[in-house]
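S.K.: Here's a structure for you.
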Amino acid sequence: AQSVTQLDSQVPVFEEAPVELRCNYSSSVSVYLFWYVQYPNQGLQLLLKYLSGSTLVKGINGFEAEFNKSQTSFHLRKPSVHISDTAEYFCAVRRRSGGSYIPTFGRGTSLIVHP
Amino acid sequence: GAVVSQHPSWVICKSGTSVKIECRSLDFQATTMFWYRQFPKQSLMLMATSNEGSKATYEQGVEKDKFLINHASLTLSTLTVTSAHPEDSSFYICSAPLAGATGELFFGEGSRLTVL
Chain A
225 AQSVTQLDSQ VPVFEEAPVE LRCNYSSSVS VYLFWYVQYP NQGLQLLLKY LSGSTLVKGI
285 NGFEAEFNKS QTSFHLRKPS VHISDTAEYF CAVRRRSGGS YIPTFGRGTS LIVHP
Chain B
18 GAVVSQHPSW VICKSGTSVK IECRSLDFQA TTMFWYRQFP KQSLMLMATS NEGSKATYEQ
78 GVEKDKFLIN HASLTLSTLT VTSAHPEDSS FYICSAPLAG ATGELFFGEG SRLTVL
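Line order of the protein sequences matches chains A and B.
Going by this note's numbering, the letters in the first sequence line up with residues 225 to 339, in that order.
Going by this note's numbering, the letters in the second sequence line up with residues 18 to 133, in that order.
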């Protein structure tokens, strides 16, 4: 079975400060990991994904994440946040169901950027 | 990138009526689509997997007769909430995987249902 734990339900930060959103996963097999962002009353957008290769993954909007197999983590980082980064962020692990691959989502972390 | 569109974005209905939500893949074909339900400040709960040309696969605890799913074509899946009650009020999101992509999903904008 696979599960995803997002340790922080809410992360407040000031504009231009760095931020890290934590994600840990549990899985008995190789995993593919994703971070999605959700703005109010909208669907989810893919920020970045780790499938294989380099453990440091760069995504859109200046975000990056590092896959750490030994710590089973996939933390999301940004060196300098903007007000517009205020949103809900979801970490996800892919699981196979039949012929499809369905992400299992963490509970989400609300990033709140203050001016 | 690929686009998935949901309609309507907002819907308000009276208790006891049925509501249909459409999910379309605009520039790619999707043999599979996923329907999620999201409660305020919570994660996405997978309700069912919609399969083109066959019956949907429902997750445990989701009422099949309550949430009717039809995948009529390679670009359209519909979710019908039958005999809606206030507790069905929620944010419903569909998503579709791009064929050949490794687990990547594209999400619709979501549909907020309010049952009075």
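Every residue gets a Cβ at the ideal spot worked out from N, C-alpha and C, and that includes glycine.
A quick note: this is a predicted structure, and the numbers were derived from the prediction, not measured.
Select from B:A113, B:G125, B:E121 and B:E126 the residue whose C-alpha is nearest the C-alpha of T49 (chain B).
M.R.: With distances taken between Cα atoms, T49 (chain B) lies closest to B:A113.
S.K.: From V235 (chain A) to A89 (chain B), what distance separates their C-alpha atoms?
M.R.: The alpha-carbon atoms of V235 (chain A) and A89 (chain B) are separated by roughly 42 Å.
S.K.: Could you name the residues of the stretch 54-70 of chain B whose beta carbon sits closer than 7 Å to any beta carbon of chain A, in the order they occur along the chain?
M.R.: Residues Q59, S60, L61, L63 and T66.
S.K.: At 7 Å on the CB atoms, spell out the chain A contacts of E39 (chain B), in chain order.
M.R.: Near E39 (chain B) there are no residues of chain A at all, since even the closest Cβ is about 14 Å away, more than 7 Å.
S.K.: Near Q46 (chain B), which residues of its chain fall below 8 Å by C-beta distance, leaving aside the five closest residues on each side in sequence?
M.R.: L91, T92 and A116.
S.K.: Hey, quick one: how far does the beta strand (DSSP E) through L43 (chain B) stretch, first residue to last?
M.R.: L43 (chain B) -> no beta strand (DSSP E), and no H or E assigned at all.
S.K.: Looking at chain E, is there any beta carbon in it that lies within less than 9 Å of the beta carbon of E104 (chain B)?
M.R.: No chain E appears in this structure, whose protein chains are A and B.
S.K.: Quick one: which residues of the stretch 276-306 of chain A get their C-beta closer than 8 Å to a C-beta of chain B? List them in chain order.
M.R.: Taking 8 Å as the Cβ-Cβ cut-off against chain B, none of the residues of the stretch 276-306 of chain A qualify.
S.K.: Would you say R331 (chain A) reaches chain B, if we count a Cβ-Cβ gap shorter than 9 Å as a contact?
M.R.: Taking Cβ atoms only, chain B reaches closer than 9 Å to R331 (chain A), which makes this a yes.
S.K.: For the stretch 237-255 of chain A, which residues have a beta carbon sitting closer than 9 Å to at least one beta carbon of chain B?
M.R.: Result list empty, no residue passes.
S.K.: I need the boundaries of the beta strand (DSSP E) containing S90 (chain B), first residue and last residue.
M.R.: Element bounds for S90 (chain B): F84 to S90.
S.K.: Is S67 (chain B) buried or exposed, if buried means 16 or more other CB atoms sit within 10 Å of its CB?
M.R.: It counts as buried.
S.K.: Where L335 (chain A) and E104 (chain B) are concerned, what is the direct C-alpha to C-alpha distance, given to the nearest angstrom?
M.R.: Their Cα atoms are separated by approximately 28 Å.
S.K.: Taking 9 Å as the CB-CB limit, is S308 (chain A) close to chain B?
M.R.: Taking Cβ atoms only, chain B never reaches closer than 9 Å to S308 (chain A), which makes this a no.
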